[in-house]
Amino acid sequence: MATEAKAHELIVSVSPHVRGKETVARIMWTVNLSLLPAFIMSVWYFGPLAAYVTGLCIATAVLAEHIYQTSLKKKTTIGDGSAFLTGLLLGLNLPPSVPFFIPIIGSLIAVIIAKLIFGGLGYNIFNPAFIGRAFLLISFPKLLTTWSEPTAQFVALDAKTTATPLGILKEEGIARLVEVFGDKTELYMSLLVGHRAGSLGETSVIALLIGAALLLYRGYITWHIPFSFIATVGVMAWALGGDSGLFTGDPLIHLFSGGLMLGAFFMATDYVTCPSVRKGQIIFGIGCGAITMLIRLKGGFPEGVMFAVLLMNCFAPLIDRGVKSELFGAVRKKKEPKT
Amino acid sequence: MSKAATFERGIHPAYHKELASGKAISQAALPKRIVVPLSQHIGAPAKPEVNIGDEVKRGQVIGTTTGFVSSPVHSSISGKVIAIAEFPMSTGRMVQSIVIESDGKDEAVPFREHPDYLNLSADEIKAVIKDAGIVGMGGAAFPTSVKLSPPKEKPIDTVILNGAECEPYLTADHRLMAEHPKAVVEGLKLIMKSLGVREGHIGIEENKPDAIEAMKAVASGEENITVWPLEIKYPQGAEKMLIKAIKGREVPSKGLPMDVGAVVQNVGTAFAVYEAARFGKPLIERVVTVTGSGIKEPANMMVRIGTLMSEVIEQCGGLVEGAVKVISGGPMMGFAQWTLDVPVVKGTSGILVLSQDEYISYDDYSACIRCGSCIDVCPMGLNPSMLSILSEKGFFEEAKEYNLFDCFECGSCAFVCPAKRPMVQFMRLAKSQVKP
Chain F
0 MATEAKAHEL IVSVSPHVRG KETVARIMWT VNLSLLPAFI MSVWYFGPLA
50 AYVTGLCIAT AVLAEHIYQT SLKKKTTIGD GSAFLTGLLL GLNLPPSVPF
100 FIPIIGSLIA VIIAKLIFGG LGYNIFNPAF IGRAFLLISF PKLLTTWSEP
150 TAQFVALDAK TTATPLGILK EEGIARLVEV FGDKTELYMS LLVGHRAGSL
200 GETSVIALLI GAALLLYRGY ITWHIPFSFI ATVGVMAWAL GGDSGLFTGD
250 PLIHLFSGGL MLGAFFMATD YVTCPSVRKG QIIFGIGCGA ITMLIRLKGG
300 FPEGVMFAVL LMNCFAPLID RGVKSELFGA VRKKKEPKT
Chain A
0 MSKAATFERG IHPAYHKELA SGKAISQAAL PKRIVVPLSQ HIGAPAKPEV
50 NIGDEVKRGQ VIGTTTGFVS SPVHSSISGK VIAIAEFPMS TGRMVQSIVI
100 ESDGKDEAVP FREHPDYLNL SADEIKAVIK DAGIVGMGGA AFPTSVKLSP
150 PKEKPIDTVI LNGAECEPYL TADHRLMAEH PKAVVEGLKL IMKSLGVREG
200 HIGIEENKPD AIEAMKAVAS GEENITVWPL EIKYPQGAEK MLIKAIKGRE
250 VPSKGLPMDV GAVVQNVGTA FAVYEAARFG KPLIERVVTV TGSGIKEPAN
300 MMVRIGTLMS EVIEQCGGLV EGAVKVISGG PMMGFAQWTL DVPVVKGTSG
350 ILVLSQDEYI SYDDYSACIR CGSCIDVCPM GLNPSMLSIL SEKGFFEEAK
400 EYNLFDCFEC GSCAFVCPAK RPMVQFMRLA KSQVKP
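Given below as structure tokens:
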């Protein structure tokens, strides 16, 4: 019988026997792709230096992961795109004109300390790219807060240094910020397209939104974290950010500047370090937004997205414990009348 | 957006129903021998009623019930008992079974017909169902007579026939409804009568338009029976999901359908109930879908209970080159077989053969990246991500706090998992380590 000859070759495994096409690698590479518009804009405004800084971050991150894993005789996981993503995100979070050792140290910290030592992708508690950047900011505060003026057309090897919009806002107030950009409309437009000083990939709101749209469309991220994060920042900026009392702030400046868009859509949504239950993600997003605004308005730094996300990362496991998914047929405890 | 009734969450796997959905039910050849397990159902195994060497006829009782939750088994052919011993079953267990060699005559015992079956009393119907050895034919194989005898404090007002057939590939229920709608509806009426229920529903996924049409045509003459087109979504045919879709009632956690006044029966079961009541025919054959890209000629066949899978597959032209996996049941919840010499039993809805390119290994899964996809699809609203991590690390008691025992292992989480984690395996492991 033909069937008997085959029988010994049958594979036995647990159900289900068919599976979806989604893989970790496909998700990660799609996220990498979604950052391409922001990367292109960074090169447009800050020149070849932007590509050099980001490229160095990526190369270091991927190499570090590969060497770490092979030297421990583990299977290398660089193909899943997560080391590449960590490098890319770190690069896009750095100022344009940092010396060569900054991307290298940052990537090593991000990949090895923040991710691999915890057990690799899936086990890390904090967003690796932000840990890398936080380490750099604390260790090299001057280098990490020296911003180049954006030019355009892929040049600007030797740009002038300047302050970021949030820096001006913090030090000199909103009137001066508007004056620097001409008028309010000019200011908003510059912030939207990204013609302003800042970290490489954070400046162009439009480019980031294009990437975010791809991720939302593919279902890789949902609205919960970005929306609650951004909405909280907007509301707090409007309510508390004004010079002349409550509800006089300008929310748009806060929404479009700093690393909010990059952080809300691409960093806070990092699967591993955010809560996985959707309701919990809303709490997480509100927390990120609140801490961001607390730092921007009252803290020593002009920008707070990074520390906000890192601080909320700590709470992600707790949120997941407290906010559980909604059980089908959950039995609500009723007080039974005593008979 | 579809207006069809449905439940929350769930998945959309590739259905591949086209392989067999157009194949009319054919009669499988008389098997050379049958292996009839004494425990094909949930509950106490049947007790052998025959000895080695005995001559038996088709429809003869060869195993009797040993308790309330139990079911008799019958011979599906005429011939001689040649062995009573443990044989492998499609669930992977070794089960005490009666082996009968056919004498080729296919002689039957006399069946007790009831041309006026609708005049049978509720108790008579239940007795007929019990004696016919009818169990849930959707796969779980719970004795039907027990399901029709709920305790007094659980009043039942609704019977739902499950024609969703949400498992990809399978088309047995589809063909049954399309070809024998009258018998299925009569079966539903008998079930309703046995429970004293006035309200009957039949839920069918929208990918079976001919079945919906056929059932509607028959049901239109019945005042209390409604046919519901259901959204094409897995696991639409799970009892709790079906009740939610049609009646909007949620079976409470750890509860049963009777807690919300509903009894769900598979359409195949309704067909068997009709055959038993009308013609006195015990459950000795059933429709089996033989399908998949690994089978030469997919078919829907009426197969005698106890026929070995190898014989059924042979009749469908055998396996194609590169067939790697033979599954009893559907691809989402079926059991992979290590041998084809296992019998078709009362709960076998399909024999599915997958080829190499459909096979995905579980060997190199990675850590959970907590993407939450599984939470978005779990029909029970669980957190499979958390459960799998807890199980993986051995925190079984903690898994219970995350409602481990509400999981019915539909496999939706494993289907969507990008890290390709063996989610169902993790659930089963945890369940085996703690008490509910």
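If you read the protein sequences in the order shown, they are chains F and A. Heads up, the final residue of the first sequence is numbered 338 in numbering that gives the first Met the number 0, and it's a clean run with no missing numbers. Heads up, the final residue of the second sequence is numbered 435 in numbering that gives the first Met the number 0, and it's a clean run with no missing numbers. Every residue gets a Cβ at the ideal spot worked out from N, C-alpha and C, and that includes glycine. These numbers were taken from a predicted model, which means no experiment stands behind them.
In whole angstroms, what is the alpha-carbon distance linking residue i and residue j?
i	j	result
P342(A)	I350(A)	11 Å
P246(A)	P12(A)	According to the sequence as given, residue 246(A) is Lys; it is not Pro. In a straight line, the C-alpha of K246(A) is about 25 Å away from that of P12(A).
F283(F)	P383(A)	20 Å
P47(A)	Q39(A)	13 Å
L318(A)	L339(A)	11 Å
P95(F)	D269(F)	24 Å
I101(F)	A322(A)	55 Å
L293(F)	E64(F)	35 Å
L176(F)	G303(F)	19 Å
N50(A)	I326(A)	32 Å
F45(F)	P36(F)	14 Å
P435(A)	F404(A)	6 Å
K56(A)	L189(A)	27 Å
L245(F)	V234(F)	11 Å
F99(F)	Y358(A)	47 Å
R25(F)	R420(A)	16 Å
V344(A)	T59(F)	59 Å
Mind checking if residue i is an interface residue toward chain F, Cβ cutoff 8 Å exclusive?
i	result
C165(A)	no
R369(A)	yes
Q314(A)	no
Whose C-beta lies closer than 7 Å to the C-beta of residue i among residues of the same chain, with five residues either side of it excluded?
i	result
G260(A)	P154, I155, D156, T157
G195(A)	A121
D375(A)	R8
E106(A)	K56, R57, S77
W28(F)	G80
G286(F)	M311, F314
Select from the options the residue whose C-alpha is nearest the C-alpha of residue i.
i	options	result
L389(A)	G380(A), M301(A), E400(A)	E400(A)
T160(F)	L215(F), A196(F), F255(F), G299(F)	A196(F)
T441(A)	T268(A), A28(A), L37(A)	In the structure as shown, chain A begins at 0 and stops at 435. Residue 441(A) is therefore absent and cannot be evaluated.
M40(F)	V204(F), C313(F), A238(F)	V204(F)
C367(A)	T22(F), L9(F), S12(F), A37(F)	T22(F)
T291(F)	L136(F), L120(F), G258(F), R277(F)	G258(F)
F456(A)	P378(A), Q432(A), K392(A)	Outside the displayed span of chain A (0 to 435) sits residue 456(A), for which this structure offers no information.
Q280(F)	C313(F), I26(F), P225(F)	P225(F)
G343(F)	L120(F), G248(F), V13(F)	What is shown of chain F runs 0 to 338, which leaves residue 343(F) out entirely.
K278(F)	W237(F), Y219(F), G321(F)	G321(F)
K181(A)	E166(A), E274(A), M257(A)	E274(A)
V13(F)	A218(A), E205(A), G91(A), F270(A)	G91(A)
T210(F)	V42(F), K169(F), F265(F), V179(F)	Reading the sequence as shown, one finds Gly at residue 210(F) and not Thr. Cα-wise, what sits closest to G210(F) is F265(F).
Indicate whether at least one CB of chain A lies closer than 8 Å to the CB of residue i.
i	result
T22(F)	yes
D242(F)	no
H194(F)	no
Y122(F)	yes
A329(F)	yes
H65(F)	no
S12(F)	yes
V217(F)	Before going on, a small fix: residue 217(F) reads as Arg here, not Val. No, R217(F) does not count as interfacial toward chain A.
G119(F)	yes
K323(F)	yes
T2(F)	At T2(F) the pLDDT is 48, less than 50, meaning the model places this residue with poor confidence; the figure from the coordinates comes in the next sentence. With 8 Å as the cut-off, T2(F) counts as an interface residue toward chain A.
G19(F)	yes
Report all residues from its chain with a CB closer than 6 Å to the CB of residue i; omit the five preceding and five following residues, and keep chain order.
i	result
V34(A)	F86, S96, V98, G305, P342
G288(F)	F228, T231, V232
S292(A)	S354
A177(A)	D209, A210, A213
L213(F)	S33
A263(F)	P225, F228, I229
S252(A)	D405
R248(A)	I242, V259
Using a Cβ-Cβ cutoff of less than 8 Å, which residues in the same chain neighbour residue i once the five nearest sequence positions on both sides are dropped?
i	result
T309(F)	It should be noted that the sequence gives Leu, not Thr, for residue 309(F). Cβ within range, chain order: F125, N126, F129, I130, A133.
E396(A)	V433
S275(F)	D319
Every unbroken alpha helix (DSSP H) inside the stretch 189-226 of chain A [4 residues or more]:
208-218
Alpha helix (DSSP H) runs contained entirely in the stretch 189-273 of chain F, provided each spans 4 or more residues:
204-217, 223-239, 250-255
Ignoring anything shorter than 4 residues or poking outside the stretch 269-336 of chain A, list the alpha helix (DSSP H) runs there in chain order.
Scanning the stretch 269-336 of chain A for uninterrupted alpha helix (DSSP H) segments of 4 residues or longer gives 308-314, listed from N- to C-terminal end.
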